[in-house]
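A short worksheet on the structure shown next.
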Amino acid sequence: MYQTTIYFYNLSFFLSFFLSFFLSFFLSFFLSFFLSFVCLCEKIRRAFTFVWILIHFGFWRKSQSGLFLLRIECVWLYILRLGVLVIISKLRRANLHVFEDWCGSSIDQLRKNLHYPLYPHTRTTVLKLAASPQWTNYGLRIFGYLHPYADGEFVFAVSSQANSEFWLSANESPLDCRLQAWVGKTGSEWTAPGEYNKFASQTSRPHQHVSLYPFAVHLISSMSRYRFHSSGSSPGVLSSSSSSPAGESSLFMSEVDHIPQTAGSHARTPLDQPGNKPGYQADGQPCHPPGPDMLREDPRDTFYRRQMIPARTLRSVLPDCSYSPSYIIKGYELLRYQGLQFVHMTYIHPNDYTRLTHMETENSCFYHESAESLKYPTETPTQTSPPRISNLPAPSTKPYRDPDAIISDPAIKNLTKRAGTNHTDTSTVVRSAEAFWDEGGARVARGGSRRSGWDQGGVEGDTSYEEAAPTPLVFDPEVVWSQTFQADQLDLQLLRSDWIDLNCNVSGNLLLQPADAQAVVRTYVDKLNLKHQGRYTLVRVVNVEKRVDRAQGSRYLLELELKDPSGELRRLSHYVYSLIRWKKPRSRRLPPLRSVPEVILCNPFGFQWNPTATVHFIVPVKNQARWVIQLISDMEALYRVTRDRDFSLIIVDYDSTDMDVKKALDAASLPQYEYLKLSGNFQRAAGLQAGVDLITDDHSIVFLCDLHISFPMAILDSIRKHCVEGYMAFAPILMRLDCGATPQEPRGYWEVNGFGLLSVYKSDLLAAGGMNTREFTDRWGGEDWELLDRILQSGLEVERIHLRNFFHYYHSKRGMWNRRTMSNSR
2 MYQTTIYFYN LSFFLSFFLS FFLSFFLSFF LSFFLSFVCL CEKIRRAFTF VWILIHFGFW
62 RKSQSGLFLL RIECVWLYIL RLGVLVIISK LRRANLHVFE DWCGSSIDQL RKNLHYPLYP
122 HTRTTVLKLA ASPQWTNYGL RIFGYLHPYA DGEFVFAVSS QANSEFWLSA NESPLDCRLQ
182 AWVGKTGSEW TAPGEYNKFA SQTSRPHQHV SLYPFAVHLI SSMSRYRFHS SGSSPGVLSS
242 SSSSPAGESS LFMSEVDHIP QTAGSHARTP LDQPGNKPGY QADGQPCHPP GPDMLREDPR
302 DTFYRRQMIP ARTLRSVLPD CSYSPSYIIK GYELLRYQGL QFVHMTYIHP NDYTRLTHME
362 TENSCFYHES AESLKYPTET PTQTSPPRIS NLPAPSTKPY RDPDAIISDP AIKNLTKRAG
422 TNHTDTSTVV RSAEAFWDEG GARVARGGSR RSGWDQGGVE GDTSYEEAAP TPLVFDPEVV
482 WSQTFQADQL DLQLLRSDWI DLNCNVSGNL LLQPADAQAV VRTYVDKLNL KHQGRYTLVR
542 VVNVEKRVDR AQGSRYLLEL ELKDPSGELR RLSHYVYSLI RWKKPRSRRL PPLRSVPEVI
602 LCNPFGFQWN PTATVHFIVP VKNQARWVIQ LISDMEALYR VTRDRDFSLI IVDYDSTDMD
662 VKKALDAASL PQYEYLKLSG NFQRAAGLQA GVDLITDDHS IVFLCDLHIS FPMAILDSIR
722 KHCVEGYMAF APILMRLDCG ATPQEPRGYW EVNGFGLLSV YKSDLLAAGG MNTREFTDRW
782 GGEDWELLDR ILQSGLEVER IHLRNFFHYY HSKRGMWNRR TMSNSR
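First residue of the sequence shown? That's 2 in this note's numbering, and the numbers climb one at a time after it.
Now the structure itself:
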């Protein structure tokens, strides 16, 4: 919404208006005239006049929401063609909340915003219910109280450039607000400024109100993509001329108790309807929410809840062997940022559906060849051999013949002459086709816009169209419906390597061949039962991860669900090593034969993860109240669901002024937390290092974290499994959400380039030199790659996996840390 306008009227108040207006005018004029004779000081006379006006026109009153707002009488005179419409209203300043960086034009999309409705980016007040922020991608929420100027019936109407809703209560309670008028529901509906009769839903039913009692109002609107200019005051817009009242300016952003929660604040899904159980439909059947495959339920997401098999049970199941992979580069000097070339991806089984198939209409980089050639292979009716991918013809991008060729056709020229046309300019034809239709199929003038009225502050005028040139004859291509093709089974996963592909951010994890995973699992379970006389039964393979080393042997993480003799389900999460040994030649006197590798499944000595290691989330912040509140809330949910006490939240605060971070941490339900307050400009590297220095246990895990993250409930288990002290660090890949996307409706891409989210044991981080606080001070970007270089040089390997349900919320950098807001001088 760029401008949302509301008006209400009553046709039976002329007498009240004239009496109020002339009485007020006469008394004010008389008092001013009298004071000019008795007061010698001009300032005193003006002061008395101002006090009298305040006493007569308004009074201070504490509202139900706890804010002191000035109640003002304002007089409007509005002349219509069919008569005189006078509007008198008593209106406070309305509270305006702005939710920035949100894409989408529908109100339902705005309600999916993580911070809606309690934590807006901006909290202010407005004199009119017609906002003009000169910005894009935002949502507005306006609420307050309206005071009728007289008893009677009132009708409300709303107009906006995007979807909007007007909620009204019959009393002062916001809880009783009901939807009265709206513009659209799907996001495609809009109106011109002051256009109240485009949709039947724009105008409310008549409502009876008494002048002595105010009533609550709630206005919601969403605006995406378009930018507009102010149109000034238009007749019929509820407005006020008061000075700035005492409101939310003195409150912290974290103080939200005064913000009303109405029926329009949150979306209601079919599952929220009365009588339905959470997660079930009305008929009792389980609900499977529609969406991409990556939202499918996966046993990996909840496997951390299963009780572990005791570590002593796994001893001596396999013989011990030394773990020294060939890709360790300890002692080698790297060029700046060269370490990225030494990080390899891990293979996963079974399919975890991290491939963003729902985004491949925008990015088909998973297919190394033309995606169109894979979609539309062709074969002539006489062709018998199956076409290969490399020689599949791509479909023609020109469904029609070339315009110049068509005009050069003698038959077309003669046809044109008979029509009375002497020119053959094909550009006119093309321009006319492009000019009259916009993207949505609406007919508009060339160079115009469907919503230009919002730019100019008025209703769109009449549009003139140029006369289209005669359309030349066009030949449609012949369609061969009998054409068929033959395609062999295609497994593109076999074409992928474990090198990081920085050019493709939708491909997801590498998939391990089932036969490879099953062979290792079968061998290990047989060895386990051989040692324990067949006490354990394999129920299912939850997860297998393979780190390939073709020279020394591959490492596997086996996660299996087993049943013990008592019938209880147990969890096995254990690293094994498929060691390659090369057989020596049979005799020195014989010519050397080609060595035959022998694979031995063994236990990598020292390479085992600690399921009880403490994980420290370190987050530096500055003036990001809404995100800090969300982070603390997410950590509380993590503790509430997992009941895991072996983690802590460390917030390094660069003197935030928008909330009391320490107070919020003290009130939170967290097992452990630390708070450190620093002064000066925000410095990410220094803040992270300061958080590391607070940790007293060098054998605990440090997770260098960001603020705008949505964590999976299995995050603690994932970090512990992939961090091995002295051997391995973990850099999970998260999904960056697009503007307007949510974890429930994820649209975005995998952040394959960034290593800013890194978990490593503190002892290993100190051995690598810690954060580079000397070079990276009040700037960031590149510090993660620089730290990666030093971690690899210290002898660690870095595990890299696309982590399910691990998201980065979209946010702009406007107004953040080292950025300033430039005032708008327009």
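For each residue, glycine too, the CB sits at the ideal point set by N, CA and C.
Relative to P351, the option among Q342, Q494, L315, L335 whose CA is nearest is Q494. K547 is bridged by DSSP to Y348, Y557.
The Cβ atoms of F808 and P733 lie no closer than 8 Å to each other. Rounded to the nearest angstrom, the Cβ distance from S205 to S107 is 20 Å, too far for a contact under 8 Å.
Here V540 carries a strand assignment [DSSP, helix/strand/coil]. DSSP lists P605 as the bridge partner or partners of C322. In the DSSP assignment, A158 falls within the beta strand (DSSP E) that extends over 158-160. Excluding sequence positions up to five before and after E560, its CB lies within less than 6 Å of the CB of V543, N544, S574, all in the same chain and listed in chain order.
The straight-line gap separating the alpha-carbon atoms of V662 and Q519 is approximately 50 Å.
Leaving aside the five residues that flank K113 on each side, the residues in its chain whose CB is nearer than 6 Å to its CB run, in chain order, T743. With a cutoff of 8 Å on beta-carbon distance, D698 and G727 are scored as not near each other. Between the segment 337-345 and the segment 601-616, the count of C-beta pairs closer than 8 Å stays below three; the two stretches do not touch.
Here V642 is exposed, its C-beta having fewer than 16 other C-beta atoms within 10 Å. Assignment of V475 by DSSP, reduced to helix, strand and coil, places it in the coil class. Positions of the alpha helix (DSSP H) runs, each at least 4 residues long and wholly inside the segment 117-204, cannot be given because no such run exists. At a Cβ-Cβ threshold of 8 Å, F704 and H617 count as neighbours. Counting only residues of its own chain and dropping the five nearest sequence neighbours on each side, T358 has a CB closer than 7 Å to the CB of P293, D294. When DSSP states are grouped into helix, strand and coil, E787 belongs to the helix group. A straight-line Cα-Cα distance of about 15 Å links R124 and N624. Of all C-beta pairs linking the segment 142-157 to the segment 185-199, fewer than three are shorter than 8 Å, placing the two stretches out of contact.
Per the C-alpha coordinates, the member of A665, A686, N682 positioned closest to Y676 is A665. Beta-bridge analysis with DSSP links M772 to no other residue.
Under the three-state reduction of DSSP output, Q519 falls in the helix class. Annotated as distal: N506 and V99, with beta-carbon spacing of 8 Å or more. For K623, the three-state secondary structure derived from DSSP is coil. Remark: C-beta atoms of I702 and T615 approach each other more closely than 8 Å. By the neighbour-count definition (other C-beta atoms within 10 Å, threshold 16), P121 is a buried residue. Looking at the DSSP output, W583 bridges to P598. Here V629 is not near G692, since their CB atoms are 8 Å or more apart.
Its Cα nearest to that of L115, the residue C740 stands out among W751, K763, C740, E798. Between D353 and N510, the C-beta spacing is below 8 Å. In this structure, the beta-carbon distance from V526 to Y557 does not fall below 8 Å. By the C-beta density criterion, L496 is exposed, having fewer than 16 other C-beta atoms within 10 angstroms. The secondary-structure analysis by DSSP pairs Q209 across a beta bridge with E154. With a threshold of 16 other beta carbon atoms within 10 Å, I710 meets it and is buried. Excluding sequence positions up to five before and after G771, its CB lies within less than 6 Å of the CB of Q690, all in the same chain and listed in chain order.
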